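Novice: To start, I am sharing the structure in question, which I have written as structure tokens.
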Amino acid sequence: MPRRSGLGCHDARQIKLGQLHFRINERFLYEYDFGDLWQHQVRIEKRLEIETSRSYPVCVGGQWAGPPEDCGGPQAFLERRAAAPWRLRELIDGLLEDIKTEDTEALDYRLEELQPWQDWLMLHRFDRRRVNRQLRQYAEGAPEWMNSRGGRH
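Position in the sequence shown (from 1) plus 265 gives the number in the numbering used here.
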């Protein structure tokens, strides 16, 4: 890590974001999941006073849902997102066929297969409450914080 404001550190977990002294409207690049090369440009919009009644970290806003965990990086994500409506159509056609033939075992399997695709169709939505629930779980060290459904199963 390059030195900034006298911070020389080899373990990024030892540095707090506030120690970097970013200015309002300053941007930085955050790389998430080094294997899949997810990069996010973050812009500092404003500084808020700490509220003692609020748990931190906290999300105050956003747009669009984040990509599902381990979806293979930006290119794989875009390909899968484009294919999602067509894959869902195939699954629904199979579901209708299972209903016609009254194949309840296949129906159960098909319904389970449909569930993960719901997230792919809802990427245009941003759920701040869900994000804050996951951040709270993370801060508390709860194992379910990585669950992409925010604890729902």
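Glycine included, every Cβ here is placed at the ideal spot set by N, Cα and C.
Treat the numbers as computed from the prediction; the structure is a model and nothing was measured.
Could you tell me the distance, in whole angstroms, from the CA atom of Ser320 to the CA atom of Leu361?
Specialist: Within the sequence shown, numbered from 1, the residue matching residue 320 stands at position 55. Within the sequence shown, numbered from 1, the residue matching residue 361 stands at position 96. Computed Cα separation, rounded: 46 Å.
Novice: Exposed or buried, what is Trp329 when buried is set at 16 or more other beta-carbons lying within 10 Å of its beta-carbon?
Specialist: Within the sequence shown, the letter at position 64 stands for residue 329. Exposed, since its Cβ has fewer than 16 Cβ neighbours within 10 Å.
Novice: Can you tell me which of the three DSSP states Glu310 falls into?
Specialist: Numbered from 1 along the sequence shown, position 45 holds the residue referred to as residue 310. Three-state DSSP puts Glu310 in coil, outside helix and strand.
Novice: Where DSSP assigns a beta bridge to Glu296, which residues make up the other side?
Specialist: As a first step, residue 296 must be located in the sequence shown, where it is residue number 31. Per DSSP, Gln304.
Novice: Taking the straight line between their C-alpha atoms, what separation do you get for Trp247 and Ala341?
Specialist: A question about residue 247 goes unanswered here, because the residues of the chain that appear run from 266 up to 418.
Novice: For the 8 Å Cβ check, are there 3 or more pairs between the segment 297–306 and the segment 355–370?
Specialist: Pairwise C-beta distances place the segment 297–306 out of contact with the segment 355–370, as fewer than three of them are shorter than 8 Å.
Novice: If you draw a straight line from the C-alpha of Glu344 to the C-alpha of Thr317, how long is it?
Specialist: On the sequence shown, position 79 is the one that residue 344 refers to. On the sequence shown, position 52 is the one that residue 317 refers to. The alpha-carbon atoms of Glu344 and Thr317 are separated by roughly 43 Å.
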